[in-house]
Amino acid sequence: MRIRLLNSPGFYYFALMVLFLYLPIFLLVVFAFNDSVIMSFPLKGFTLKWFQALPQAGKLLESVRNSLVVGLFSALGATVMGTLAAIAITRHRIPGRDFFLAVGMMPLVIPYVVLGVALLILFHNIGIPLSLWTVGASHILVNIPYVMLIVAARLSEFDQNLEEASMDLGASYWGTLLRVTLPISAPALIAAFLACFTTSFDEFTLAFFLTSTDNTLPVYLYSQLRFVGRLPVVVALSALIMVVSILLLVISEWLRRYGQPKSYKRIV
Amino acid sequence: MSEFTVELVQITKTFHSAHGRDVAAVVDVNLKIKAGEFFTLLGPSGCGKTTTLRLIAGFETPTSGEVLIHGKSVNNTPPHRRPVNTVFQSYALFPHLTVEQNVAYGLAVKHVPVPERKRHTAEALALVRLTGMENRKPGELSGGQQQRVALARALINRPAVLLLDEPLGALDLKLRKEMQVELKLLQAQLGITFIYVTHDQEEALTMSDRIAVMNQGRTLQVDTPLAIYDQPSCRFVADFIGETNFLLGQVEHVENGVVYLKVAGEPVTVRRGDLQLNYHQQVALAIRPEKFLLSKVREMNGHQNGDSGEIALSGLLRNAVYLGTDTRYIVELPSGENLSVRVQNAGHHGPGEFDLGEQVTVSCEPDDARVLTD
């Protein structure tokens, strides 16, 4: 069995892909603990000083906080709006449904650079000052299609009789939405929210165009690349963020599976 | 208040298909369903029976016509305000809720206080014999149990009418028979009007007080099971319910409700006072296989016996199939038509009674033959 695996060219292809994907991340973690400002081998020695320096890096932490706030609010906004749109396209016979769908999906194919410039011009012309709010708004815009796709997939896979049964038993339209449609779609909503948050958290282009003095993390990191001395702290922070996001992913996956009937687990 | 729980007045429902064509699912349906009645909508798939049910539930609005519940129009009443509950074919149990929460759903949305809710839920679960299953999820139940949860959930609101859309369709034969009896008992016990949709004619015959036979969106006959079976109004009804032989005939003469026909070249006399028939009109004579008597060829071969008025036709025995409780014979008439005859395997009757290719006489009482014009 093992011999056969090592003889297969597919295995080496797979190994190469894994290496290519995870080696940089591995190096990142290694250099976060390296006692040198220069990111190269040989390693100089183990240190925690970059992590210890984190609480003092005021601007850096502020940018992290900005990114978290923008991420959470824009993810919330995109999830709410995208879910409503998904309900509209899967559950109602609205006139011009296809057109609506096409327009809703547009941000998927518009390059962020173009969108960034366009929004910059728009905000300038209608007199909205650039801020984290404008960044958040643009993130809502680009995330709505993802939410629509994720939630619409879930909505179209479950029996519409469930909603009819709810109304039949005395629940109004909105009551049905709250008691049946949304709880059953909850895993998709959580998945959509997390996808939006991730996209927003590391989105650079739109944030670069649409922010003023408050930086989000990616924009701040980019501005710091010129200063070699500050790089190790950035690396330490990146390692930390990565560990937290892996933890979040594991927890959300566990949450998604937890509490679902056994019959679903086989499918999802 | 009207004596009828549900009335459909000139109901038509047209759907717009994706290709821009209009498809009429229900056409000019008129029904009056009495309080406490077990009423069945019977027909092949696509005949409009489920759409009719959905019109009563409020999931569809009629294109024209009116739905009345307790004598009042509910055309503009949404489903959640109608005193009607539905048992869905797919059961439609809420997968994220426990059995208890599913059953209590109707009370929960009305904000009935929790202790009262608990009490009613326990009663409803006891009614369908599911006590002890409260904390299971629907996914952990068998098909029969899910079916009963759906029933308890629909009954907890004490609806004026319970709508059942092929509720037993997904169950195996044995369980289905059990549930038929159980449903019928439950209906008698609760006195709720049941409107039951099925394509299973046997189910309809055994359970219903009255049946509406539907095809292509129209109701063809609305009557008791006995009348539907013995006095079908048209070929479709006679053919869809049970097995029927159709013999082509020609009207010779009509007098005082007695119809003189020529069938397979032989004179036949039957009673059918309620039909307007013309001389030489083509009609079909419908006779159930079990109404026939089969005997060895007689002296007065092929002629109607004047004394008893019995219909007798002669032919060749072509086939005999042993079916356990009875035997099915196929008899070929001189006209080339085949008759199906079922004879109970009792006493000296049995598959060995006749030889294949033998000349036999098939006879029945004139009242067992029904003249149909369409």
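Residue numbers (the numbering used here), protein chains in the order written: chain P, 13 to 280; chain F, 22 to 395. Beta carbons are placed, not taken as given, at the ideal position from N, Cα and C, and that holds for glycine.
{"query": "Three-state class that DSSP yields for P273 (chain P) in the structure shown", "result": "Residue confidence is low: P273 (chain P) scores 46 on pLDDT, short of 50, so the model does not pin down where it sits. Its coordinate-derived value is still stated next. Of the three classes helix, strand and coil, the one that applies to P273 (chain P) here is coil, per DSSP."}
{"query": "Identity of the residues DSSP links to I32 (chain F) by a beta bridge", "result": "F:V50"}
{"query": "Touch test, the stretch 94-112 of chain P against the stretch 152-169 of chain P, Cβ-Cβ under 8 Å, three pairs minimum", "result": "yes"}
{"query": "Touching by the beta-carbon criterion (3+ pairs, under 8 Å), the stretch 83-90 of chain F and the stretch 188-203 of chain F", "result": "no"}
{"query": "Short CB-CB distance (under 7 Å) between F36 (chain F) and chain P", "result": "no"}
{"query": "Chain P contact residues for F215 (chain F), given Cβ-Cβ distances below 9 Å", "result": "Within 9 Å Cβ-Cβ: nothing; F215 (chain F) doesn't reach chain P, min ~15 Å."}
{"query": "Burial state of G327 (chain F) (16 or more Cβ within 10 Å)", "result": "With a pLDDT of 49 at G327 (chain F), under the threshold of 50, the predicted position of this residue should be treated as unreliable, and no value is reported."}
{"query": "For R174 (chain F), the first and last residue of its enclosing alpha helix (DSSP H)", "result": "164-176"}
{"query": "Beta-carbon neighbours of G127 (chain F), restricted to chain P and to distances below 7 Å", "result": "L181, G182"}
{"query": "Contact belief for N96 (chain F) with T82 (chain F) at Cβ below 8 Å, rounded distance in angstroms", "result": "7 Å"}
{"query": "The stretch 225-237 of chain P in contact with the stretch 104-119 of chain P per 3-pair CB rule at 8 Å", "result": "no"}
{"query": "T290 (chain F) and Y281 (chain F) closer than 7 Å at C-beta", "result": "yes"}
{"query": "Per-residue contacts from I196 (chain P) into chain F (C-beta, under 7 Å)", "result": "P116, H117"}
{"query": "Beta-carbon gap between F215 (chain F) and F59 (chain F) smaller than 7 Å", "result": "yes"}
{"query": "Per-residue DSSP class, three states only, for R102 (chain F)", "result": "helix"}
{"query": "Exposed unless 16 or more other CB atoms sit within 10 angstroms - verdict on Q236 (chain P)", "result": "buried"}
{"query": "Cβ of P273 (chain P) within 7 Å of any chain F Cβ", "result": "Unreliable positioning characterises P273 (chain P) in this predicted model, as indicated by a pLDDT of 46, which lies under 50. The coordinate reading is nonetheless provided below. With 7 Å as the cut-off, P273 (chain P) counts as an interface residue toward chain F."}
{"query": "Cβ-Cβ separation, E121 (chain F) to N156 (chain F) (assumed contact under 8 Å), whole Å", "result": "7 Å"}
{"query": "Option nearest A390 (chain F) by Cα separation, candidates F:L298, F:T265, F:E353", "result": "F:T265"}
{"query": "Run of the beta strand (DSSP E) containing G86 (chain F), from where it starts to where it stops", "result": "85-90"}
{"query": "Three-state secondary structure (DSSP) of H396 (chain F)", "result": "With chain F covering 22 to 395 only, the question about residue 396 (chain F) has no answer from this structure."}
{"query": "Any chain F beta carbon closer than 7 Å to E265 (chain P)", "result": "no"}
{"query": "A65 (chain P) versus H117 (chain F): straight-line alpha-carbon distance, rounded", "result": "47 Å"}
{"query": "Counterpart residues of T91 (chain P) in DSSP-defined beta bridges", "result": "In DSSP, T91 (chain P) forms no bridge with anything."}
{"query": "Listed by chain order, chain F residues near E176 (chain P) by CB distance under 9 Å", "result": "R75, A78, F80, P100, T107, F109, A113"}
{"query": "Reference L76 (chain F), options F:I308, F:R140, F:T98, F:E273, closest by Cα", "result": "F:T98"}
{"query": "Secondary structure of G270 (chain F), DSSP reduced to three states", "result": "strand"}
{"query": "Cβ neighbours of L142 (chain P) in the same chain (closer than 7 Å, five flanking residues each side left out)", "result": "F135, L222, T223, S224"}
{"query": "Cβ contact check for the stretch 203-220 of chain P and the stretch 142-154 of chain P: 3 or more pairs under 8 Å", "result": "yes"}
{"query": "7 Å Cβ cutoff met for P188 (chain F) and V105 (chain F)", "result": "no"}
{"query": "Length of the line joining the Cα atoms of Q222 (chain F) and L184 (chain F)", "result": "18 Å"}
{"query": "Within chain F, the residues that D171 (chain P) reaches when beta carbons sit closer than 8 Å", "result": "S111, A113"}
{"query": "Buried/exposed call for T107 (chain F), threshold 16 Cβ in 10 Å", "result": "buried"}
{"query": "Residues of the stretch 174-191 of chain F with Cβ closer than 8 Å to any Cβ of chain P, in chain order", "result": "R174, A175, N178"}
{"query": "Amino acids of chain P, ordered along the chain, whose beta-carbon sits closer than 8 Å to that of R149 (chain F)", "result": "For the record, residue 149 (chain F) in the displayed sequence is Val; it is not Arg. Here the premise fails: no neighbours, minimum Cβ distance about 16 Å."}
{"query": "Cβ neighbours of G83 (chain P) in the same chain (closer than 7 Å, five flanking residues each side left out)", "result": "F209, S212, F213"}
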